[in-house]
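Right, one structure below, let's go through it.
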Amino acid sequence: MATDLVANWPMWASLFVILCAIIAYVMDRWSMEAVSIGVVAALLLLFTIPGATAFDGTAITSADLLSGFGNPALITIMALLVVGQGLFQTGAIEGPTKALLRSYGRRPIYTLCVTFFAVFAISAFTNNTPVVIMFLPIMSAIAMRMNASPSRLMMPLSFVSILAGMTTLIGTSTNLLAADAYRRTEGISLDFFEQTPMGLMLAGVGLAYIAIFSRYLLPNRDTFAQEIVPSGKQFVAQIEVTHGHFLIGQSPLAGMFPDLKDMTVRLIQRGEKAMLPPFEDVELRAGDLVIVAATRKAISDLLASKPGLLQQIWQGNENEAVDTSVPQLSLIEAVIAPGSRMAGRTVEMLGFRRLTSAVVLGIQRRSRMIRTKLGEIRLEAGDTLLLCAPPTVFQELRTSRDILLLEWSQKEIPVTAHSLAARLIALGMVVLAATGIVSILVASVLAALAMIVTQCLNTRQASRALDLKIFLVIAAALAMGTALEKTGAATLIADGVVTLASPFGPVVILSTIFICVAVLTNILSNAATAVLFAPVALEAAHSAGADPLPYILAVIYASNCSFASPIAYQTNMLIMAPGHYRFSDFIKFGGPLLIVMWVAFTIMAPWRFDL
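Residue numbers (full-length UniProt numbering): 1 to 611.
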């Protein structure tokens, strides 16, 4: 025993490093990025020691351990994040979700079902993090219409998107990582829809559980919904009707202008004449100033849908010639500080644009609603300004003593003019990968490049989509997987699983692998779990003399069971604050779901794999 321990010390040292990594991830005392870098460094150091070799005596080089940073699956994941960011940035998914919300008043149950179906369908073919972000305000608004707490809908939103990830090869990064291990070990690539039949059945079981038990097991408590639903405060804003403007020739219908959705026109200034509501027989002309009261969401939606208006506002007040291109702009709310030098002066008197490099889109005063031109309003301490500028401008304004930026309110204006292009690019990526014309790696990289070339997002937004945490955690997991495989640790674990379960047949072996992976994926990230257990499962298949395909699919399905912990998956973290969830809520609702999925897999496996 002691001899074996000494002879196989690199394997036991590797297991010790991996165990320490798991404990560090679970303790959450250090950032995941720091732990991931520490794991890679520890393994690099370990295999520089003389005698630290693979089980067959060959050297484990730094290139082997660092190969994860250039792994095709990791590059594919990064490219998919860029594609997802492009869909989010252009508002490509926002239009359909708004239509769902409008229909809720007519058919509530139908609309709720269709909304979850939309989440499921989109998440099956794209990164589900931006999908959940897009649907968060929709679910919160629907909860308000239901007179229910958003906690009844937020966890189902996350879980539905996770279940959808089981159904296609690109549903989650986990699937790609496990498929990559299968390709490297067996020399076989998984088909795009290889996991779909059983994935749909498992997802159906999960959806039935959510539909039945969400009303009994989910909490119904007050939440931060008001922070998720866009603010209802009204800003005074001004629209100048220029030649070729979309408002030229428009007349009000029932006192409202159709193209100024969710905006109340309070004044039309035509030369020296001020026209007040009700507006009868008024037809807008070039040169009119339209003073409106609107929420920041209504203003943002109008600017997003009318790129020409955004360009006019951003460049219209410049005296000198400017570049016709418009940078990526954001909206932010700012409060006039007590004792500000801006108090008592108008925006025009201040030369606000030259002073701050930001444009004032609207002014909100809590005490009263102002009915005058934007440039003639004398600012007061406590006034809220709605500012429009590139994000870099807001960074410079953080140190201003005259205005206080409400940084939580900063949001980029989506370039909806490119939403159709974003949809076509994403669809093309799925078609190319699904038909096998090109590999998923090539399709996703081409799609990411197309998003940038067609200006669906710029290089800064694309680089921001490349999540460093995901990159480092996956690369560290791949390094740990390499160490497990080359030192023989994976074989040792697989032999233990097979020895324990083999007397009961292949179904029990698969079931044991499934529950082990499903439990661990709620402690580690699902990506790390898939990378660590893929070689273990494949080795178990070889030890049992069985087809390795069911074993790698068991890892894929189980590592997607991220239901029992908020740290198990990104979307679970996203919905914690809107749903005001506690850690125990995930255990209470997600824990039984994990068990249900395990039982369903165990029952379906003999039929699906002819065992």
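C-beta: ideal position from N, C-alpha, C; glycine also.
Buried/exposed call for residue i, threshold 16 Cβ in 10 Å
i	result
THR115	buried
GLN561	Looking at the sequence itself, residue 561 is Cys, so the reference to Gln does not match. CYS561 comes out buried.
GLU318	Summary for GLU318: the model assigns pLDDT 47, below 50, so the residue's position carries little reliability; its value from the coordinates is reported in the next sentence. Per the 10 Å Cβ criterion, exposed.
HIS243	exposed
PRO258	exposed
TRP408	exposed
ARG341	exposed
VAL445	buried
ASP191	exposed
PRO550	buried
CYS456	buried
GLN89	buried
CYS113	exposed
LYS306	buried
ARG296	buried
Where residue i sits in the DSSP three-state scheme
i	result
GLY51	coil
LEU404	strand
residue 640	Lying before the first or after the last residue shown, residue 640 is absent from the chain, which here runs from 1 to 611.
SER439	coil
LEU43	helix
SER562	coil
LYS469	helix
THR76	helix
LYS261	coil
GLN85	helix
GLU227	The pLDDT assigned to GLU227 is 41, lower than 50, so where the model puts this residue is not dependable; a value taken from the coordinates is nonetheless given after this. Residue state, collapsed to three classes: helix.
SER189	coil
GLU33	helix
ALA59	strand
CYS20	helix
ASN317	Only weak support is given to the placement of ASN317: the predicted model assigns it a pLDDT of 48, under 50, and the value that follows is read from those uncertain coordinates. Coil, per DSSP.
LYS486	helix
TYR551	helix
LEU169	coil
ALA546	coil
residue 616	Any answer about residue 616 is impossible in this case: the structure gives the chain only from 1 up to 611.
ALA568	helix
SER340	coil
ARG145	helix
Beta strand (DSSP E) segment containing residue i, residue limits
i	result
GLU283	Segment: none, GLU283 is in no beta strand (DSSP E) and carries neither H nor E.
THR264	264–270
ALA294	289–294
MET275	273–275
Counterpart residues of residue i in DSSP-defined beta bridges
i	result
ALA389	SER330
ARG354	According to DSSP, ARG354 bridges with nothing at all.
THR384	VAL335 and GLN364
GLY240	Note on identity: in this sequence residue 240 is Glu, with Gly being the wrong assignment. Paired residue(s): LEU289.
THR346	ARG378
LYS297	Per DSSP, none; premise fails for LYS297.
VAL359	CYS388
GLU412	SER330
Element boundaries [alpha helix (DSSP H), containing residue i]
i	result
GLN234	Per DSSP, GLN234 belongs to no alpha helix (DSSP H) and is neither H nor E.
GLY375	Element bounds for GLY375: n/a, residue is neither H nor E.
GLN461	459–465
ALA121	108–123
MET154	151–164
MET198	196–217
ASP585	583–609
ILE248	No alpha helix (DSSP H) contains ILE248, which DSSP labels as neither H nor E.
residue 612	Lying before the first or after the last residue shown, residue 612 is absent from the chain, which here runs from 1 to 611.
Presumed contact (8 Å Cβ cut-off) between residue i and residue j, rounded CB distance
i	j	result
LEU387	ALA343	Rounded, the Cβ-Cβ distance is 17 Å, inconsistent with contact.
ASP288	GLN269	7 Å
MET451	VAL83	6 Å
ALA558	PHE514	4 Å
ILE470	ILE77	7 Å
ALA530	GLY68	No, ALA530 and GLY68 are not in contact; Cβ-Cβ is about 13 Å, not under 8 Å.
ASN220	ARG152	6 Å
SER419	ALA92	4 Å
ALA527	LEU177	6 Å
THR174	ILE556	7 Å
ALA293	GLN234	5 Å
LEU532	ALA477	6 Å
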